[in-house]
Amino acid sequence: MKLRARICVVLLIMLWAVTLPAQEKPLSISVELAGLGEIMLEETSQDQIETTQLLLKRPGGMLQVIDSFDGLLPADLIKHDLDNDGSVELIALLRHPDGIDVIMHIYRTDKEFHKIFPESSNENNPLICREVFVSTHGNKPAVCTRHLISYHDFGPPELYRLEFYQIEKDRLVLAQQGFTEGTHYNILMNRGAWAFHSGQYLEALDYYNQAISSSTDEISSRAFIESLFYLAESRKFLKDFKGALDIYQKIVLEFSQNAFTDAAQSETELISQNLAHPEILSFYMDVNSHINCDRWETALELLQNHPSGSAESPLLDRMLYIRAEVLTALNRVEEAIEVYRTIQQKFPDSPVIEGVNAALEDMLEKPEETDGL
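Counting in the numbering used here, the sequence shown runs from -11 upward without gaps.
If you want it as structure tokens, here you go:
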């Protein structure tokens, strides 16, 4: 009887062990460096914080910490002579636990493993990309980075921006950049979007037109309407207001109840009501173009210094509204609140009043009480 009881206990312990969640092994990637030892990019944990360490394991087992990266996981470890000087450089790639893009760090494999990139420990790493690999440019080694361009999501295939970097005098220098090729409308639309957000509106027009008339793929109706809308937007920023108006009206009349109907209707009303004031309308587009290209300081400077930005004009409510948006983007929140309140007082029936009220409600919202916690 006792033997049977013992057998039952052993079986229960074995069953419990089998049903325990498997412990994930820490990630570790390693490469051998001749004359130095083994380089390891290894996941660890310090003070309950996920950390990755770049380690040198010397012959004999002694470990040297080269660098550490809080909150990041190992992605890859690459060794290559990047400047043809006979000495190998080390590329450590890391990623966020919730992402797939990689972050790059480059080291010389000298006595102290001098870091080439980023140049300063306080510098934010500007090279976050989908993939890093070693290639060549001009018959010299180059680090190539692939960046996904995804303003429009109708792929695959996807559009990638390729950047080739080389080491010159201990600095990582951009040698060339370009894009992956393709005639699928998703690639053409994203080429158009890249040009559009760079302020190159003629180039954007060309790519969106190519997407619409693509001979290799039949564009979907949703992508067709989206391309039409950005054709109109590009014409608007080129100040071809009549051409833009025709396309906006086409979207509203022929493709009603789509994701761009309301925006196209709003732009139709804006342009139609202000065609008699081309100078003010043109200035308004100039400011919005700078915002579209993330040139917030320039946009604010225009609004502050140009008479149309403050004069009594048909677009004064919109001028004030974008001024408040720019101030908010520049973290000048108190000034933005005052501008929003001015719009509420002077233009209670403005087309932008809903956006004003929503922005103010969000800015003035008080933190919820936490019962003394």
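Glycine included, C-beta positions come from ideal geometry on N, C-alpha and C.
Predicted model, so just to flag it, every value in this text is computed and none were measured.
Exercise. When the Cα of Tyr173 is compared with those of Thr40, Glu214, Cys281, which residue comes out closest?
Worked result: By one-based count along the sequence shown, residue 173 stands at place 185. That would be Glu214, whose Cα lies nearest to the Cα of Tyr173.
Exercise. On the three-state DSSP scale, how would you describe Val131?
Worked result: In the sequence shown, residue 131 corresponds to position 143, counting from 1. Looking at Val131 - three-state DSSP - the assignment turns out to be strand.
For this session: Go to Ser338, then tell me how far its beta strand (DSSP E) extends in each direction, as first and last residue.
Result: In the sequence shown, residue 338 corresponds to position 350, counting from 1. Run containing Ser338: none; DSSP gives neither H nor E here.
Exercise. Hey, Leu190 and Leu219: beta-carbon distance below 8 Å or not?
Worked result: In the sequence shown, counting from the first residue as 1, residue 190 sits at position 202. In the sequence shown, counting from the first residue as 1, residue 219 sits at position 231. In this structure, Leu219 does not lie closer than 8 Å to Leu190 by Cβ.
Exercise. Taking the Cβ atom as the reference point for each residue, do Phe167 and Leu136 lie within a distance shorter than 8 Å?
Worked result: Mapped onto the sequence shown, residue 167 falls at position 179. Mapped onto the sequence shown, residue 136 falls at position 148. Against a cut-off of 8 Å, the Cβ pair of Leu136 and Phe167 comes out as no contact.
For this session: Excluding the 5 residues preceding and the 5 following Ile116 in the sequence, name in chain order all residues of the same chain whose CB lies nearer than 7 Å to its CB.
Result: As a first step, residue 116 is located in the sequence shown; it is residue number 128 there, counting from the start. The beta carbon of Ile116 sits closer than 7 Å to the beta carbons of Asp89, Ile91 from its chain, once the five residues preceding and following it are set aside; these are given in chain order.
Problem set entry | Backbone CA spacing between Glu357 and Ala317 [nearest angstrom] | As a working mapping, residue 357 is identified with position 369 in the sequence shown. As a working mapping, residue 317 is identified with position 329 in the sequence shown. Low local confidence applies: a pLDDT of 47 at Glu357 is under 50, so the model's placement there is unreliable, with the coordinate-based value given in what follows. Glu357 and Ala317: Cα-Cα distance of roughly 28 Å.
For this session: Name the residue from Pro129, Ile94, Glu206 whose alpha carbon lies nearest to the alpha carbon of Phe142.
Result: Start at 1 with the first residue of the sequence shown, and residue 142 comes out as number 154. Minimum Cα distance to Phe142 is reached at Glu206.
For this session: Counting only the same chain and skipping the five closest in sequence on each side, list residues whose C-beta sits under 8 Å from that of Ile239.
Result: For the purposes of this step, residue 239 is taken as residue 251 along the sequence shown, with counting starting at 1. Hits under 8 Å: Ile213, Leu216, Phe217, Ala220, Asn246, Phe248, Thr249, Ala252.
Exercise. Between His140 and Met177, which are expected to be in contact by the criterion C-beta below 8 Å, what is the C-beta distance as a whole number of angstroms?
Worked result: Against the sequence shown, residue 140 aligns to sequence position 152. Against the sequence shown, residue 177 aligns to sequence position 189. Right, the Cβ-Cβ distance comes to about 4 Å (below 8 Å), so this counts as a contact.
Exercise. Taking the continuous alpha helix (DSSP H) assigned at Leu190, which residues delimit it?
Worked result: Taking the first residue of the sequence shown as position 1, residue 190 is located at position 202. Unbroken alpha helix (DSSP H) run through Leu190: 189 to 200.
Exercise. Which residues bound the beta strand (DSSP E) around Val120?
Worked result: For the purposes of this step, residue 120 is identified with residue 132 of the sequence shown, where counting begins at 1. 119 to 125 is the extent of the beta strand (DSSP E) around Val120.
Problem set entry | Boundaries of the alpha helix (DSSP H) in which Gly231 is found, first to last residue | Residue 231 sits at position 243 when you count from the first residue of the sequence shown. 229 to 242 is the extent of the alpha helix (DSSP H) around Gly231.
Exercise. Applying the criterion that 16 or more other CB atoms from any shown protein chain within 10 Å of the CB defines a buried residue, is Phe225 buried or exposed?
Worked result: Locating residue 225 in the sequence shown gives position 237, counting from the first residue. Result: buried.
Exercise. Using DSSP with H/G/I as helix, E/B as strand and the rest coil, what is His93?
Worked result: As a first step, residue 93 must be located in the sequence shown, where it is residue number 105. Three-state DSSP puts His93 in a strand.
For this session: Kindly identify the DSSP beta-bridge partner or partners of Ser138.
Result: To locate residue 138, count along the sequence shown from 1; it is residue 150. Beta-bridge pairing links Ser138 to no other residue.
Problem set entry | Three-state class that DSSP yields for Gly180 in the structure shown | What you label residue 180 is simply residue 192 of the sequence shown in a count that begins at 1. Helix.
For this session: To the nearest angstrom, report how far apart Leu21 and Gly49 are at their CA atoms.
Result: Taking the first residue of the sequence shown as 1, we reach residue 21 at position 33. Taking the first residue of the sequence shown as 1, we reach residue 49 at position 61. Spanning the two alpha carbons is a distance of roughly 14 Å.
Problem set entry | Cα-Cα separation between Tyr328 and Leu303, rounded to whole angstroms | One-based indexing of the sequence shown puts residue 328 at position 340. One-based indexing of the sequence shown puts residue 303 at position 315. Going by the C-alpha atoms only, they are around 15 Å apart.
Problem set entry | Residue interval of the alpha helix (DSSP H) (run including Val275) | The sequence position of residue 275 within the sequence shown is 287, counting from 1. From DSSP, the alpha helix (DSSP H) with Val275 extends over 266 to 280.
Problem set entry | For Ala199, the nearest candidate out of Gly180, Ser33, Gln188 (CA to CA) | In the sequence shown, residue 199 corresponds to position 211, counting from 1. The option with the nearest alpha carbon to Ala199 is Gly180.
Exercise. Helix, strand or coil: how does DSSP classify Ala22 here?
Worked result: What you label residue 22 is simply residue 34 of the sequence shown in a count that begins at 1. Coil at Ala22, not helix or strand.
For this session: Determine the direct distance from the alpha carbon of Leu348 to that of Ile372, and round the result to whole angstroms.
Result: Nothing in the structure corresponds to residue 372, since the chain is present only between -11 and 361.
Exercise. So what does DSSP say about Thr40, is it helix, strand or coil?
Worked result: As a first step, residue 40 is located in the sequence shown; it is residue number 52 there, counting from the start. In the structure shown, Thr40 sits in a strand (DSSP, three-state: E or B).
Exercise. To which residues does DSSP link Met28 through a beta bridge?
Worked result: Your numbering for residue 28 matches position 40 in the sequence shown. Met28 pairs with Ser18, Leu43.
Exercise. Looking at Phe152 and Ser123, is the spacing between their C-beta atoms short of 8 Å?
Worked result: Numbered from 1 along the sequence shown, position 135 holds the residue referred to as residue 123. Numbered from 1 along the sequence shown, position 164 holds the residue referred to as residue 152. Yes.
Exercise. Three-state secondary structure (DSSP) at Phe225?
Worked result: Start at 1 with the first residue of the sequence shown, and residue 225 comes out as number 237. DSSP places Phe225 in helix when its eight states are reduced to three.
Problem set entry | Alpha-carbon spacing of Leu162 relative to Leu290, whole angstroms | Along the sequence shown, read from residue 1 onward, the residue named residue 162 stands at position 174. Along the sequence shown, read from residue 1 onward, the residue named residue 290 stands at position 302. Their backbone Cα atoms lie some 32 Å apart in a straight line.
Exercise. Applying the criterion that 16 or more other CB atoms from any shown protein chain within 10 Å of the CB defines a buried residue, is Arg46 buried or exposed?
Worked result: Position 58 of the sequence shown, counted from the start, is the residue given in the question as residue 46. Looking at its Cβ environment, which holds fewer than 16 other Cβ atoms inside 10 Å, Arg46 is exposed.
For this session: On a CA-only basis, which of Ile325, Ser301, Tyr236 is nearest Thr256? Give me that one, please.
Result: To locate residue 256, count along the sequence shown from 1; it is residue 268. Nearest of Ile325, Ser301, Tyr236 to Thr256, Cα basis: Tyr236.
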